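Novice: Take the sequence shown: its position 17, counted from the start at 1, is 17 in the UniProt record's numbering, and no numbers get skipped.
Where is the CB? At the ideal position from N, CA and C, for every residue including glycine.
Just so we're clear, the structure is a prediction, and the values are computed from it rather than from any experiment.
Provided herewith is a single structure, encoded as structure tokens, for subsequent inquiry.
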Amino acid sequence: MSKSKLVNPYDELVRSLAVPSNRRPDSQVLGMPQFLWSVDRITVVGNLKEKIWYQNGINVFEVDFRQLMRLNENAYVKPAGIDSWKIVDRFGENICFIEIVKFREGLGRIDFNPNKISKFLAGDMKTFIHRLFINPHFSRADIACDIINIKNEFIRDYRIFEPVKSHFIYGKNGLLETAYWGSRSSERQIRLYNKYVEQRFKKQEIPEHIETWWRFELQLRRSKANDWANMVIESLSKFNNPKFITEASNRERLVIKAIIADSSCWDLVSVNSKTKYKKLFNSANDNDILTQYMIEIFKLQQGKLKEELDTWLRGYDVSE
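What follows is the structure in structure tokens.
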């Protein structure tokens with residue numbers, strides 16, 4: 001059967017990413033591609049301090065964790081249960097969730113968006129964490145990359161080349177808006193979604209230089225959270241466009257589409273064939289300039305991300 005060889009399916013994309021050396025790839029130029037990595041959500045767990053000093057005006061007195069949270073209840077900090085509280089924005093989005101872990105008295109958990117929490121807490125959130133916890137550590141870290149000014153039709157074709165559970169959400173126009181790979185309970189879940197559509201829905205102002213905006217997000221839990229840097233690169237090595245598979249027969253392309261659409265199809269592939277398809281998947285990563293660019297930008301911004309994660313735990317090194 002004939003092979004369909006693809007040298008470069010997106011010549012225009014290649015040209016747009018070939019940024020001249022005198023221009024920064026993350027500068028705010030109309031229509032220019034940008035790749036911006038950030039820490040999008042953090043969960044910190046630790047033993048709660050038995051006594052916390054609380055100041056009210058000129059008075060200072062000791063309180064425990066429950067008393068502290070109840071004293072801080074207001075329009076934004078609301079009880080979410082007997083021993084839990086939440087902070088929400090005007091859209092009802094959960095910005096922060098704080099709780100005493102059920103059935104584990106003395107253990108607390110705080111889950112928050114580091115980019116938004118400062119708008120709701122007058123004090124330093126990092127100081128707040130250390131006032132509450134003894135030996136805090138991460139149990140979840142979400143690392144995200146904003147993909148700006150890459151045409152929507154390029155991004156919508158991207159998939160995770162791995163036999164994992166997937167879920168796709170489409171808009172009224174029939175076009176992909178959100179994709180999930182991996183289950184919510186797993187140590188790693190990947191999400192790709194149209195941030196531009198989300199911001200428009202929330203009636204948020206979008207900067208003029210942004211024409212398209214997608215977000216690639218890794219939700220890392222437990223041991224994966226501490227190994228976040230390796231997890232980013234490993235995940236990107238499997239985040240590719242099928243069109244970048246250089247050589248495959250028409251039949252092989254049909255099998256690839258089936259595996260990507262339904263991970264259970266992987267179980268129907270023979271052991272010998274699995275080796276062949278893994279090589280085909282790897283060929284996509286070798287030729288995918290978008291993924292390669294995301295990895296390069298991540299490596300450039302990795303030090304800044306690590307510094308941010310370290311400062312949240314202040315004095316506790318976060319593994320690279």
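1. If you measure between the beta carbons of Cys145 and Met294, is that distance less than 7 Å?
2. Near Glu162, what residues of its chain come up, given a Cβ to Cβ distance below 6 Å and the 5 sequence neighbours on each side ignored?
3. Using the Cα positions of Trp213 and Ile82, report the straight-line distance between them to the nearest angstrom.
4. Taking the straight line between their C-alpha atoms, what separation do you get for Leu268 and Asn74?
5. In this structure, does DSSP put Thr43 in helix, strand or coil?
6. The alpha helix (DSSP H) with Val60 in it runs from where to where?
7. Indicate the three-state DSSP secondary structure (helix, strand or coil) for Gly303 in the structure shown.
8. When DSSP labels each residue in this structure, what does Glu296 get in the three-state scheme?
9. Any idea what DSSP makes of residue 325, helix, strand or coil?
10. Drop a sphere of 10 angstroms on the beta-carbon of Asn56, count the other beta-carbons inside from all chains shown, and report buried for 16 or more, exposed for fewer.
11. Name the DSSP bridge partner or partners of Cys265?
12. Leaving out the 5 sequence neighbours to the left and right, which residues in its chain are closer than 6 Å to Leu280 when beta-carbon positions are compared?
13. For the region 98 to 115 and the region 43 to 58, state whether three or more C-beta atom pairs, one from each stretch, are separated by less than 8 Å.
14. In the structure shown, what three-state DSSP assignment does Asn250 receive?
15. Do Tyr158 and Asn287 have their C-beta atoms within less than 7 Å of each other?
16. Can you tell me the Cβ-Cβ gap for Ala225 and Ser139, rounded? I've got them flagged as a contact below 8 Å.
17. By a C-beta neighbour count over all protein chains shown, 10 Å radius and 16 as the cutoff for buried, is Ala261 buried or exposed?
18. Secondary structure at Glu187, three-state DSSP: helix, strand or coil?
19. 7 Å is my cut-off, CB to CB: does Ser84 come that close to chain D?
20. Among Thr127, Phe91, Lys102, Asp142, which has the Cα closest to the Cα of Phe112?
21. Alpha carbon to alpha carbon, how far is Glu296 from Pro114? Give it in angstroms, no decimals.
22. Quick check on the burial criterion: 16 or more other C-beta atoms within 10 angstroms. Buried or exposed for Tyr277?
23. Assuming Lys279 is part of the beta strand (DSSP E), what are its boundary residues?
24. Out of Ser84, Ile100, Ile190, point me to the one whose CA is closest to Ala179's CA.
25. Start and end of the beta strand (DSSP E) containing His137?
26. Give the single residue among Gln199, Arg215, Arg222, Phe201 whose Cα lies nearest to the Cα of Leu192.
27. Using the beta-carbon count (16 or more within 10 Å), is Trp37 buried or exposed?
28. Cα separation between Ile96 and Arg90?
29. State the Cα-Cα distance for the pair Ala80 and Asp40, rounded to the nearest angstrom.
30. Given that a residue counts as buried once 16 or more other Cβ atoms are within 10 Å of its Cβ, and exposed if not, what is Val271?
31. Report the three-state DSSP secondary structure of His209 (helix, strand or coil).
32. Look at the alpha carbon of Ser263 and the alpha carbon of Ser273, and state the distance between them as a whole number of angstroms.
Specialist: Looking at the atomic coordinates:
1. On the sequence shown, residue 145 is found 145 positions in, with the first residue counted as 1. On the sequence shown, residue 294 is found 294 positions in, with the first residue counted as 1. In contact: Cys145 and Met294 (Cβ atoms closer than 7 Å).
2. Locating residue 162 in the sequence shown gives position 162, where the first residue counts as 1. Excluding positions up to five away in sequence, the list reads Lys238.
3. Counted from its first residue, the sequence shown places residue 213 at position 213. Counted from its first residue, the sequence shown places residue 82 at position 82. Whole-angstrom Cα-Cα distance: 39 Å.
4. What you label residue 268 is simply residue 268 of the sequence shown in a count that begins at 1. What you label residue 74 is simply residue 74 of the sequence shown in a count that begins at 1. Cα to Cα, the separation comes out at about 56 Å.
5. Looking up residue 43 in the sequence shown gives position 43. Of the three classes helix, strand and coil, the one that applies to Thr43 here is strand, per DSSP.
6. Counting from one through the sequence shown, the residue named residue 60 turns up at place 60. No alpha helix (DSSP H) holds Val60; the beta strand (DSSP E) holding it covers 59 to 63.
7. Within the sequence shown, residue 303 is the residue found at index 303, counting from 1. In this structure, Gly303 counts as helix in the three-state DSSP scheme.
8. Within the sequence shown, the letter at position 296 stands for residue 296. Of the three classes helix, strand and coil, the one that applies to Glu296 here is helix, per DSSP.
9. Since the first residue shown for the chain is 1 and the last is 320, residue 325 is missing from the structure and cannot be characterised.
10. For the purposes of this step, residue 56 is identified with residue 56 of the sequence shown, where counting begins at 1. Its Cβ having fewer than 16 others within 10 Å, Asn56 is exposed.
11. Numbered from its first residue, the sequence shown carries residue 265 at position 265. In DSSP, Cys265 forms no bridge with anything.
12. Position 280 of the sequence shown holds residue 280. Excluding residues up to 5 positions away in sequence, Ile245, Ala248 lie with their Cβ nearer than 6 Å to the Cβ of Leu280 in the same chain.
13. By the Cβ criterion, the region 98 to 115 is in contact with the region 43 to 58, since at least three pairs of Cβ atoms, one from each stretch, lie closer than 8 Å.
14. Taking the first residue of the sequence shown as 1, we reach residue 250 at position 250. Helix, per DSSP.
15. Numbered from 1 along the sequence shown, position 158 holds the residue referred to as residue 158. Numbered from 1 along the sequence shown, position 287 holds the residue referred to as residue 287. Between Tyr158 and Asn287, the gap from beta carbon to beta carbon reaches 7 Å or more.
16. Counted from its first residue, the sequence shown places residue 225 at position 225. Counted from its first residue, the sequence shown places residue 139 at position 139. Contact flag correct, Cβ pair sits at about 6 Å.
17. Taking the first residue of the sequence shown as 1, we reach residue 261 at position 261. It is exposed - the Cβ of Ala261 has fewer than 16 other Cβ atoms within 10 Å.
18. By 1-based counting over the sequence shown, the position of residue 187 is 187. Here Glu187 sits in coil by DSSP.
19. Here chain D cannot be found, since the structure has a single protein chain.
20. Counting from one through the sequence shown, the residue named residue 112 turns up at place 112. For the residues Thr127, Phe91, Lys102, Asp142, the minimum Cα distance to Phe112 belongs to Asp142.
21. Within the sequence shown, the letter at position 114 stands for residue 114. Within the sequence shown, the letter at position 296 stands for residue 296. Their backbone Cα atoms lie some 24 Å apart in a straight line.
22. Stepping through the sequence shown from its first residue, residue 277 is reached at position 277. It is buried - the Cβ of Tyr277 has at least 16 other Cβ atoms within 10 Å.
23. As a working note, residue 279 is residue 279 in the sequence shown. First-last for Lys279: 271 to 287, but that is the alpha helix (DSSP H), not the beta strand (DSSP E).
24. Locating residue 179 in the sequence shown gives position 179, counting from the first residue. Each of Ser84, Ile100, Ile190 was checked against the Cα of Ala179, and the nearest Cα belongs to Ile190.
25. The count along the sequence shown starts at 1 and reaches residue 137 at position 137. Its beta strand (DSSP E) spans residues 133 to 148.
26. Reading the sequence shown from its first residue, position 192 is the one you call residue 192. Ranked by Cα distance from Leu192, the options Gln199, Arg215, Arg222, Phe201 are led by Arg215.
27. For the purposes of this step, residue 37 is taken as the residue at position 37 of the sequence shown. For Trp37, the number of other beta carbons within 10 angstroms of its own is at least 16, and it is reported as buried.
28. If you number the sequence shown from 1, residue 96 lands on position 96. If you number the sequence shown from 1, residue 90 lands on position 90. Here residue 96 turns out to be Cys, not Ile, going by the sequence shown. Going from the Cα of Cys96 to the Cα of Arg90 covers about 13 Å.
29. Within the sequence shown, the letter at position 80 stands for residue 80. Within the sequence shown, the letter at position 40 stands for residue 40. Cα to Cα, the separation comes out at about 22 Å.
30. Within the sequence shown, the letter at position 271 stands for residue 271. With fewer than 16 other Cβ atoms inside 10 Å of its own Cβ, Val271 counts as exposed.
31. Residue numbering aside, residue 209 sits at position 209 when the sequence shown is read from its first letter. Looking at His209 - three-state DSSP - the assignment turns out to be coil, as it is neither helix nor strand.
32. Locating residue 263 in the sequence shown gives position 263, where the first residue counts as 1. Locating residue 273 in the sequence shown gives position 273, where the first residue counts as 1. Rounded to whole angstroms, Ser263 to Ser273 spans 15 Å at the Cα level.
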